[in-house]
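Taking it in order: structure first as structure tokens, then the write-up.
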Amino acid sequence: MPPARRANIGRRTRNANDVALLRRSQTADERAQANASQRERNARNRFVNPVPVLNLARPSRIRRAVLAEMMRAAFNYNSQIDYSMYGYIGMMDAICPHCDAANFRGETPGMCCANGKVRLPALETPPEPLYSFIFGTSQASKHFLSHIQQYNSAFQMTSFGATKIIRDNFMPTFKIQGQIYHQAGSLLPYPDADHQFLQISIVYSESMALAL
Numbered sequence: 010m011p012p013a014r015r016a017n018i019g020r021r022t023r024n025a026n027d028v029a030l031l032r033r034s035q036t037a038d039e040r041a042q043a044n045a046s047q048r049e050r051n052a053r054n055r056f057v058n059p060v061p062v063l064n065l066a067r068p069s070r071i072r073r074a075v076l077a078e079m080m081r082a083a084f085n086y087n088s089q090i091d092y093s094m095y096g097y098i099g100m101m102d103a104i105c106p107h108c109d110a111a112n113f114r115g116e117t118p119g120m121c122c123a124n125g126k127v128r129l130p131a132l133e134t135p136p137e138p139l140y141s142f143i144f145g146t147s148q149a150s151k152h153f154l155s156h157i158q159q160y161n162s163a164f165q166m167t168s169f170g171a172t173k174i175i176r177d178n179f180m181p182t183f184k185i186q187g188q189i190y191h192q193a194g195s196l197l198p199y200p201d202a203d204h205q206f207l208q209i210s211i212v213y214s215e216s217m218a219l220a221l
């Protein structure tokens, strides 16, 4: 016995027939309102899922459409949009005429140096042995430059000092009065001074370790 023919196979499916019947029964005003609602839904879908539509366009048209859709997007956040697809924000090719800082074209002018009002002193030449490590060509210098991130990370936990500690009742935080400074001590103690904090881990021999 041949299988029964499915009802939705053919040039006009049941859904298409229902839609055609609905359109014939609509008045002119109802049809205009339905068309306006459909245009609004299509525009919203294109904004939420722009990739399939943009893939059919030319690359230059794609860039213009993406820029138009992302205009002021930070003020109209939509959880349906994958913003990681629009990570490119251009090159930092806008050079400040006052301090030569590289900025993005869309950045507010003067954010780097307040239009020349802020002038930082020139960097001093680093002392030895840091200078040789940075600008040298020895194996020690190459090792230092290839592991410079690890060396910087080793000094992230620095000491913290305060002159007045405030301890109120039922206060789960540590509050101090005054300014906070990021203090990084020397790698080795000064002459006639004891090892403290990270200096305890920097020793050269067992005798020095036992002396601590």
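Numbering (the working numbering), first residue to last: 10 to 221. The beta carbon of each residue, even a glycine, is placed where N, CA and C say it ideally should be.
Rounded C-alpha distance that separates residue i from residue j
i, j, result
"I90", "G119", "32 angstroms"
"L139", "P200", "20 angstroms"
"R50", "A43", "11 angstroms"
"A41", "E116", "44 angstroms"
"S93", "S195", "42 angstroms"
"L30", "Q47", "18 angstroms"
"S34", "N85", "39 angstroms"
"A163", "M80", "42 angstroms"
"G145", "Q188", "38 angstroms"
"S150", "I157", "10 angstroms"
"P135", "S155", "18 angstroms"
"A52", "A111", "37 angstroms"
"T36", "A25", "19 angstroms"
"K184", "N54", "51 angstroms"
"A131", "S88", "46 angstroms"
"Q159", "E133", "23 angstroms"
Range covered by the alpha helix (DSSP H) that runs through residue i
i, result
"R33", "23 to 34"
"F144", "139 to 144"
"Y86", "Where Y86 is concerned, there is no enclosing alpha helix (DSSP H), given that its DSSP letter is neither H nor E."
"Q205", "From DSSP, Q205 is part of no alpha helix (DSSP H); its letter is neither H nor E."
"I157", "157 to 162"
Cutoff 9 angstroms: residue i Cβ touching any chain C Cβ
i, result
"C122", "Although the question refers to chain C, the structure presented lacks it and comprises just one protein chain."
Own chain, CB closer than 6 angstroms to residue i, minus 5 neighbours either side, in chain order
i, result
"A82", "none"
"C122", "H107, C108"
"E39", "none"
"A45", "none"
Cβ-based neighbour list, residue i, same chain, cut-off 7 angstroms, excluding 5 preceding and 5 following
i, result
"F113", "I98, G99, M101, A103"
Other residues of its chain near residue i: CB distance less than 8 angstroms, five sequence neighbours each side excluded
i, result
"N161", "none"
"I143", "P135, S150, F153, L154"
"S147", "S141"
"N178", "none"
inquiry  = Whether or not the region 89 to 107 and the region 119 to 139 are in contact is what I'm after, with contact meaning three or more pairs of Cβ atoms, one per stretch, closer than 8 angstroms; do they touch?
reply    = yes
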